[in-house]
Structure formats: structure tokens, C-alpha cells
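**Q**
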Amino acid sequence: MQLTSLLKPDQAFVVRLGQTTFSYAELDGASARVASLLRGRGVSPGDHVAVMLGRVAELPSAYYGVLRTGAVVVPIDVGSSAGQVEVYLTSSGARLVLAWHECLDAAEAGARDAGVDYIVVHPIGFHALLEEMKPVVDADITREPDDIAVLLYAPTTTGTVHAIEVTHAELRAQAGENGEIVIPLMEEQRC
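When you read off a place in the sequence shown, starting at 1, and then add 7, the result is the number in my numbering.
1. Have a look at residue 133 and residue 127 and give me their C-alpha separation to the nearest angstrom.
2. Do residue 81 and residue 56 count as a contact pair if the criterion is CB distance below 8 Å?
3. Mapping DSSP to helix, strand and coil, what is residue 190?
4. Take the Cβ of residue 92 as the centre, count every other Cβ of all protein chains shown within 10 Å, and call the residue buried at 16 or more, exposed below.
5. Can you tell me whether DSSP reads residue 30 as helix, strand or coil?
6. From the beta carbon of residue 80, is the nearest beta carbon of chain B less than 8 Å away?
7. Just verifying my parser: in three-state terms, what is the DSSP assignment at residue 79?
8. Which runs of the beta strand (DSSP E) at least 3 residues long sit entirely within the region 69 to 133? Give them in chain order.
9. With a Cβ-Cβ cutoff of 8 Å, do residue 161 and residue 174 count as a contact?
10. Considering only their Cβ atoms, is the gap separating residue 40 from residue 140 smaller than 8 Å?
11. Among the residues of its own chain, which have a CB less than 8 Å from the CB of residue 196, if the five just before and after it don't count?
12. Where does residue 161 fall in DSSP's three states?
13. Excluding five sequence neighbours on each side, which residues of the same chain lie with their C-beta closer than 7 Å to the C-beta of residue 113?
14. Using DSSP's beta-bridge definition, name the partner residues of residue 55.
15. Can you tell me which residues form a DSSP beta bridge with residue 170?
16. On a Cα-Cα basis, can you pick out the residue from 58, 64, 123, 29 that is closest to residue 73?
17. Can you name, in chain order, every residue of its own chain whose Cβ lies under 6 Å from the Cβ of residue 54, other than the five neighbours on each side?
18. Going along the chain, which residues of its own chain have a beta-carbon closer than 6 Å to the beta-carbon of residue 178, five neighbours each way excluded?
19. Going straight from the alpha carbon of residue 83 to that of residue 42, what length do you get?
This is how it looks when you write it as C-alpha cells:
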């Protein structure tokens with residue numbers, strides 16, 4: 008994402024969530040501000056940060072912002088109950104949750120029970136908060152290809168959850184595949 012923002016800053020990063028589009032440069036700036044916010048909350052490389060956002064425009068900047076701090080993204084479904092949120096937070100060792108305002112009850116209760124802090128993500132308030140942040144310069148953050156980037160949780164037949172670790176190398180490989188296959192299709196579909 009950062010390389011594309013340098014090479015093609017005006018190219019659209021399409022988010023088909025209410026027809027929202029950002030340029031790669033805009034996404035780069037927003038994710039740098041999210042990273043600054045997270046660093047200000049004490050998030051360090053290797054920490055786990057839960058992201059409880061649905062298909063909303065704030066998701067890409069939150070996701071990449073977590074990665075820019077060197078932290079691990081722990082996605083949580085917005086339909087999760089407070090008990091499920093607590094299990095994901097406790098199991099992952101997340102130190103913070105970015106929670107969409109419409110699922111705040113479950114996020115807040117789960118975070119409280121897990122002893123984890125949270126940040127409410129609301130389209131207006133979150134953007135205003137980010138505008139106050141100085142974009143983080145992440146040149147000092149180095150992550151190894153085998154470091155965990157994302158920790159996904161999948162339910163099991165026994166009712167427990169299973170953690171699936173996705174490394175930075177796997178994310179890069181997936182981005183390469185998607186860049187060659189998905190993005191050209193999206194370009195053809197644009198009006």
C-alpha cells in the first residue's frame with residue numbers, strides 16, 4: 008500500500024462500501040494517523056490490536072494503521088456477542104480494540120470483561136480525532152517475513168475458537184496475487 012501510494016498516489020483504492028473511494032495517498036495518510044493514535048495509546052510492535060469494524064470506510068485505514076505500528080491485527084466480527092469478544096481478546100492477548108460505534112455494547116462489555124481498553128470508531132468523531140494526529144513515520148518499524156501480521160479466529164465444531172496466524176510474508180504473497188488478478192478486474196468495472 009505504501010509503495011503504491013508513492014508510485015501512483017492518485018490511483019483509486021476502491022472500497023465498495025457505500026461507494027467510498029480513496030486514493031492510495033489518502034489511505035496512506037489516514038493509516039499513518041491511525042498508527043500515531045495507537046502509538047499514543049501505548050501500542051508497540053508485536054502487540055495485538057483488535058479491529059471490530061464491519062464493511063465501513065474506516066476499515067482499511069484502521070487495518071493498515073495497526074500494521075504500521077508493527078502490531079498484529081485481530082479482526083473481530085461486528086456480530087459477535089460480548090462473551091465472544093471477551094474470548095477473542097483474552098485468547099489473542101489484545102491490548103486495545105478499535106470498535107465500530109454500532110456494535111459498541113458488545114465491544115465495550117467484552118473489553119471490560121477482558122480488561123482491555125477500546126477506542127470508539129464513529130465516522131465523524133474518529134475522523135476528527137485522526138485530524139489531530141501527526142502521521143507516524145514508520146521507517147523505524149521492521150517486521151520479519153515470518154512475524155505474525157494478522158490473527159484470525161475460526162469457530163470449531165466443539166464451540167471453541169481456533170487461532171490462525173497469517174504472517175507478513177503470506178500477506179505480501181496474497182497482495183501480489185490480488186494485485187495481479189483482482190485489481191485489473193476492478194479497474195475494468197469502474198465507470
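Cβ coordinates follow ideal geometry from the N, Cα and C atoms, glycine included.
Please read these numbers as outputs of a predicted model, since none were measured by experiment.
**A** On the basis of the coordinates in this document:
1. The count along the sequence shown starts at 1 and reaches residue 133 at position 126. The count along the sequence shown starts at 1 and reaches residue 127 at position 120. Spanning the two alpha carbons is a distance of roughly 7 Å.
2. Here residue 56 is taken as the residue at index 49 of the sequence shown, counted from 1. Here residue 81 is taken as the residue at index 74 of the sequence shown, counted from 1. Going by C-beta atoms, residue 56 is nearer than 8 Å to residue 81.
3. Residue numbering aside, residue 190 sits at position 183 when the sequence shown is read from its first letter. Unreliable placement is indicated for residue 190, whose pLDDT of 35 sits below 50; the coordinate value is still reported in the next sentence. If DSSP states are grouped into helix, strand and coil, residue 190 belongs with the helices.
4. Along the sequence shown, read from residue 1 onward, the residue named residue 92 stands at position 85. Buried, because 16 or more other Cβ atoms sit within 10 Å of the Cβ of residue 92.
5. Numbered from 1 along the sequence shown, position 23 holds the residue referred to as residue 30. Residue 30 falls in the strand class under three-state DSSP.
6. Of the protein chains in the structure, only one exists, and it is not chain B.
7. Counting from 1 along the sequence shown, the entry for residue 79 is found at position 72. Residue 79 falls in the strand class under three-state DSSP.
8. 79 to 82, 103 to 107, 124 to 128
9. The sequence position of residue 161 within the sequence shown is 154, counting from 1. The sequence position of residue 174 within the sequence shown is 167, counting from 1. Result no, Cβ atoms of residue 161 and residue 174 do not sit closer than 8 Å.
10. On the sequence shown, residue 140 is found 133 positions in, with the first residue counted as 1. On the sequence shown, residue 40 is found 33 positions in, with the first residue counted as 1. Cβ atoms of residue 140 and residue 40: closer than 8 Å.
11. Within the sequence shown, the letter at position 189 stands for residue 196. Note that residue 196 scores a pLDDT of 35, beneath 50, so its modelled location is shaky; the value from the coordinates is reported in the next line. Closer than 8 Å at the Cβ level, and outside the excluded window around residue 196, lies no residue.
12. Sequence index remark: in the sequence shown, residue 161 carries index 154 (1-based). If DSSP states are grouped into helix, strand and coil, residue 161 belongs with the strands.
13. Along the sequence shown, one-based indexing puts residue 113 at 106. The residues are 87, 88, 89, 92.
14. The count along the sequence shown starts at 1 and reaches residue 55 at position 48. 79.
15. Taking the first residue of the sequence shown as position 1, residue 170 is located at position 163. Residue 170 is bridged to 160.
16. In the sequence shown, residue 73 corresponds to position 66, counting from 1. It is 58 whose Cα lies nearest to the Cα of residue 73.
17. Counting from one through the sequence shown, the residue named residue 54 turns up at place 47. These residues qualify, in order along the chain: 78, 102.
18. Here residue 178 is taken as the residue at index 171 of the sequence shown, counted from 1. Contacts found: 156.
19. Counting from one through the sequence shown, the residue named residue 83 turns up at place 76. Counting from one through the sequence shown, the residue named residue 42 turns up at place 35. Cα-Cα distance, rounded: 19 Å.
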